[in-house]
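Mapping to our numbering: the first sequence position 332 is 333, numbers consecutive. Even glycine gets a Cβ: it sits at the ideal position worked out from N, Cα and C. Computed from a predicted structure; not experimentally measured. Structure record follows, encoded as structure tokens.
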Amino acid sequence: MIKYNPQKIEKKWQKEWEKKKLYQAKDKVKGKKNFYHLTMFPYPSGDLHMGHWYNYAPSDVYARFKRMQGLNVMSPIGFDAFGLPAENAAINRNLDPKIWTYSNIKSMKKQLDSIGVSFDWSREVITAEPDYYKWTQWIFLKLYEVGLAKKEKVLANWCPHCKTILANEQVQDGRCERCDTVVEQKLLEQWFFKITDYAQKLLDGLEKIDWPETTKILQRNWIGRSEGAQIEFRIENSEYRIKVFTTRPDTIFGATFMVLAPEHELVKKITKDAQLGQVNNYLEKTKKKTELERIAEVKEKTGVFTGAYAFNPATKEKIPIWISDFVLPHYGTGAIMAVPAYDERDLEFAEKFGLPVRKIDLDDKILSELEKRGLAERKTSYRLHDWIISRQRYWGAPIPMIYCQKCGIIPVREKDLPVLLPKIKDYKPSGTGESPLAEVKDWVNVKCWKCSGPARRETDTMDTFVDSAWYFLRYADPKNKKEFVSKEKLKDWLPVDIYIGGQEHATKHLLYARFITKVLYNYGYLNFNEPFVKMRHQGLILGPDGNKMSKSRGNVIDPDEIVKKFGSDSVRMYLCFMGPYENGGLWDPKAIVGVFRFLNRVWNLINSKFQNFKTQNKELDKIFNKAMKKIGEDIENLRFNTAVSELMKLLNEIENKELAKDQIKIFLKLLAPFAPHLTEELWREVLKNKKSIHLEKWPEYDSKLIEEETIYLIVQINGRTRDIIKVPRDLNESRVRELALSSEKIKKYTAGKEIIKFIYISNKLANIVL
RNA sequence: GCCGAGAUGGCGAAAUUGGCAACCGCAACUGAUUCAAAAUCAGUCGUCCGCAAGGACUUGAGGGUUCGACUCCCUCUCUCGGCACCA
Numbered sequence: 002m003i004k005y006n007p008q009k010i011e012k013k014w015q016k017e018w019e020k021k022k023l024y025q026a027k028d029k030v031k032g033k034k035n036f037y038h039l040t041m042f043p044y045p046s047g048d049l050h051m052g053h054w055y056n057y058a059p060s061d062v063y064a065r066f067k068r069m070q071g072l073n074v075m076s077p078i079g080f081d082a083f084g085l086p087a088e089n090a091a092i093n094r095n096l097d098p099k100i101w102t103y104s105n106i107k108s109m110k111k112q113l114d115s116i117g118v119s120f121d122w123s124r125e126v127i128t129a130e131p132d133y134y135k136w137t138q139w140i141f142l143k144l145y146e147v148g149l150a151k152k153e154k155v156l157a158n159w160c161p162h163c164k165t166i167l168a169n170e171q172v173q174d175g176r177c178e179r180c181d182t183v184v185e186q187k188l189l190e191q192w193f194f195k196i197t198d199y200a201q202k203l204l205d206g207l208e209k210i211d212w213p214e215t216t217k218i219l220q221r222n223w224i225g226r227s228e229g230a231q232i233e234f235r236i237e238n239s240e241y242r243i244k245v246f247t248t249r250p251d252t253i254f255g256a257t258f259m260v261l262a263p264e265h266e267l268v269k270k271i272t273k274d275a276q277l278g279q280v281n282n283y284l285e286k287t288k289k290k291t292e293l294e295r296i297a298e299v300k301e302k303t304g305v306f307t308g309a310y311a312f313n314p315a316t317k318e319k320i321p322i323w324i325s326d327f328v329l330p331h332y333g334t335g336a337i338m339a340v341p342a343y344d345e346r347d348l349e350f351a352e353k354f355g356l357p358v359r360k361i362d363l364d365d366k367i368l369s370e371l372e373k374r375g376l377a378e379r380k381t382s383y384r385l386h387d388w389i390i391s392r393q394r395y396w397g398a399p400i401p402m403i404y405c406q407k408c409g410i411i412p413v414r415e416k417d418l419p420v421l422l423p424k425i426k427d428y429k430p431s432g433t434g435e436s437p438l439a440e441v442k443d444w445v446n447v448k449c450w451k452c453s454g455p456a457r458r459e460t461d462t463m464d465t466f467v468d469s470a471w472y473f474l475r476y477a478d479p480k481n482k483k484e485f486v487s488k489e490k491l492k493d494w495l496p497v498d499i500y501i502g503g504q505e506h507a508t509k510h511l512l513y514a515r516f517i518t519k520v521l522y523n524y525g526y527l528n529f530n531e532p533f534v535k536m537r538h539q540g541l542i543l544g545p546d547g548n549k550m551s552k553s554r555g556n557v558i559d560p561d562e563i564v565k566k567f568g569s570d571s572v573r574m575y576l577c578f579m580g581p582y583e584n585g586g587l588w589d590p591k592a593i594v595g596v597f598r599f600l601n602r603v604w605n606l607i608n609s610k611f612q613n614f615k616t617q618n619k620e621l622d623k624i625f626n627k628a629m630k631k632i633g634e635d636i637e638n639l640r641f642n643t644a645v646s647e648l649m650k651l652l653n654e655i656e657n658k659e660l661a662k663d664q665i666k667i668f669l670k671l672l673a674p675f676a677p678h679l680t681e682e683l684w685r686e687v688l689k690n691k692k693s694i695h696l697e698k699w700p701e702y703d704s705k706l707i708e709e710e711t712i713y714l715i716v717q718i719n720g721r722t723r724d725i726i727k728v729p730r731d732l733n734e735s736r737v738r739e740l741a742l743s744s745e746k747i748k749k750y751t752a753g754k755e756i757i758k759f760i761y762i763s764n765k766l767a768n769i770v771l
């Protein structure tokens, strides 16, 4: 008998499938429903690691299963090609980011193919292609048109290493999520998308989508809705008013002072001359603080008095106005009424600066009273920030705007898209707050299309997350030159039926994609307002030592090496088998031999049994039916680990029995989504089938064969199992009682005792209470 | 501090409406095969007592509900993830 040689058969079938275009999805197939199966596209880092495998292999099992179930499955793939990491890596190697990115794409494609994933490469989307980013720019223009894209001077997170502004979502613990450098606050004119306008819609939409509850909670917390009131405070000897947001208007009688954020616009207007020096001093100091320093100083409150006073609208009392950086400029109104008796932070501040703390009775009615007097209104605040999309970097889609000396800021006309990213000599970020594109004079200087006068292009590029916020739409119609996607193709494929990817994108990509979808829906470009009907996450694969795999730790497992040793089918299947998909887990280098042995046994079984198929065996049919039911249900629910376990059990049970050809076929079909190469080889070469096993129908179980006529009934005494008796299905209680009590084992316990209660759970268990 | 997830043999884990805890696999051990090793095959494998039959105990800790709890409720411990001066 020939030995199982995965390397040989895997390459062979991968080529064959490609040649036959087995996984290319047609937009319409008669009698088949379309199913859009999407796995997050990779960013072309150069190497495919185990994490990619864990994302794509089990996800592919699901796609293959759906295809066998008779759905017209589209499983597209592409590359998230623009962005900081690629650019940084290229600069480190002294390479053109484009050359670096595209050579990575080339090698990653090969590696992706080695997984044996049923991707439809004909729909490949690369976000750095002009054909693609033309439409990213178009989306920008649409947002600009309706006032959702704006440019303003804002204090934003500046990474001094990457030399660019970052969105709030890309800063973690005060550090750049890419390079871990401490982020500074910099005042720059930035383009941003007003995602805050959609805060409520983003919140509401969560109710109707099938996503992991934990991810919804992450998004809800990130959006951070809180209800309260905005209350106006009059300032002594001034026409200015201070508006504050509070969730506790009922505590207003205890408000003994006010605090403004240093950035608050009224600070300069109300500060008294005597305090001007100390206030300016304080403003200077806060400006220099990094986000990290602010976090570190949480415990120690700082602040200065402005010299001005306001009137508490409830008590009419005169209260001092202070400035402190514990009040955040971008939340609420950037000003608070301080109620030290009810708020820990206000208390700390009061104690440090000797301000009064007054305990009072809470007053539920004060808000409506203030409303009547026109001093308050009910309001909802969100923690969500607007999405800053300007990047002072080269490797991204240029923002399609022009600055004309006469006409001001004007958008590039749609017919002039795409604004091509020019070739450039020096990619390095300048660090001046301007993109290196600013140096490309013949690109920057343009004629204004309105007045033909001299104008300059916007030199910032867009955040990569803009590219990935809509890529799933393009797969439906990747070559369309006239539209980002045609109405017809949208109808064929969207929204995405299932989306599989990591949870780390919960408050970034997954939020942005929902936002862009909602905007496009709102303005009539889409007919659905949630992009991903169903979302599931894969867990994280850790190194054998339990740490995140990293080169510096030396715990990186190279998938290519494992594939060389065991074959891709084994790696696929082991990844499925190692535990619940959403948990991830440690890569145990020894454990993979378990599935490798299993596949060898399958190989040997089918090669040896081929000669002497016998007629069917009823008992075996039952065993098959149970397995068919369980495996199908498990894959449907992405419980790949128990599905593999069931396949192993099935093999254990059938291995030494006479098998009919139909039963062997069923077994191979059940295994096909997991081990596509091995099953194809056996299907075609041993069973001599003409067509691919991957075009076969998923075997449906016969429910009549699932229920046994005789069942094993557990007999317990006081909740402890004492015997198991064989009885006919659906036996009535009195007969069961009779049988149970006549068992020798049970008699031992019941002898001379009174039966207090007899509990019977049909077809499962009887419990005798003594 | 707030929000969330989790804790089951030496290890990964199973136990989808409360009903035989530990399926399936890894590792380990015993045996067969082999000159030998690998591979393969047959078996043992939660802990304790016992030659065995059998019995007792066991799902992070403690309590509760129930005929019956890994599963439900309360209290606590630890681990991981997210947010974090959000008024």
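What are the boundary residues of the alpha helix (DSSP H) that includes residue i?
i, result
"K519", "510–523"
"E459", "It is not in any alpha helix (DSSP H) - E459 carries neither H nor E in the DSSP assignment."
"A767", "Here A767 belongs to no alpha helix (DSSP H); instead the beta strand (DSSP E) covers 766–770."
"G229", "Per DSSP, G229 belongs to no alpha helix (DSSP H); it is in the beta strand (DSSP E), 226–236."
"I10", "7–20"
Ends of the beta strand (DSSP E) at residue i?
i, result
"N158", "150–160"
"R723", "721–729"
"I499", "499–501"
"Q186", "185–194"
"L203", "Careful: L203 lies outside any beta strand (DSSP E), inside the alpha helix (DSSP H) at 200–206."
Taking only three categories from DSSP, how would you classify residue i?
i, result
"H695", "helix"
"R455", "First, the residue type needs correcting, since residue 455 is Pro and not Arg in the sequence shown. Strand, per DSSP."
"N733", "coil"
"P330", "coil"
"A339", "strand"
"P479", "coil"
"G409", "strand"
"T751", "helix"
"G79", "strand"
"L714", "strand"
"Y761", "strand"
"N642", "helix"
Which residues in the same chain as residue i place their Cβ atom closer than 6 Å to its Cβ, once the five residues preceding and following it in sequence are excluded?
i, result
"Q717", "N768"
"K34", "L72"
"I558", "M51, W588"
"K758", "V770"
"K217", "L207"
"P674", "V62, R65, F66"
In chain order, what residues of the same chain have a beta carbon less than 7 Å from the beta carbon of residue i, not counting five sequence neighbours either side?
i, result
"F306", "Q276, P321, W323"
Between residue i and residue j, which are expected to be in contact by the criterion C-beta below 8 Å, what is the C-beta distance as a whole number of angstroms?
i, j, result
"I607", "V497", "About 37 Å; that fails the 8 Å criterion."
"F83", "I106", "Contact doesn't hold; Cβ gap of about 12 Å is too wide."
"Y44", "F120", "With 8 Å as the limit, Y44 and F120 do not qualify as a contact, their Cβ atoms being about 16 Å apart."
"Y310", "K319", "5 Å"
"M402", "E440", "The Cβ separation is near 18 Å, so there is no contact."
"L418", "W139", "6 Å"
"T257", "P341", "6 Å"
"I367", "D211", "Actually they are not in contact, since the Cβ atoms of I367 and D211 sit about 43 Å apart, beyond 8 Å."
Grab me the residues of residue i's own chain with a C-beta within less than 8 Å of its C-beta, minus the 5 sequence neighbours each way, in chain order.
i, result
"E755", "L771"
"A514", "S469, A470, W471, F473, P532, F533"
"S569", "P7, E11, S115, I116, G117, H678"
"S646", "F578"
* Start-end ranges of the alpha helix (DSSP H) lying completely within the segment 562–604, minimum 4 residues -> 569–578
* Scan the segment 30–57 and note each continuous beta strand (DSSP E) run of 3 residues or more that stays entirely inside, going in chain order. => 35–40
* **Every unbroken alpha helix (DSSP H) within the segment 238–323, with a cutoff of 4 residues, ordered by chain** => 268–271, 274–289, 292–297
* Asked: What residue ranges within the segment 94–179 form continuous beta strand (DSSP E) runs of no fewer than 3 residues, ordered along the chain?
  -> 121–127, 150–160, 165–167
* What beta strand (DSSP E) runs, 3 residues minimum, are completely inside the segment 360–414? -> 377–383, 402–405, 409–412
* Which full runs of the alpha helix (DSSP H) of 4+ residues lie inside the segment 651–676, going along the chain? -> 662–672
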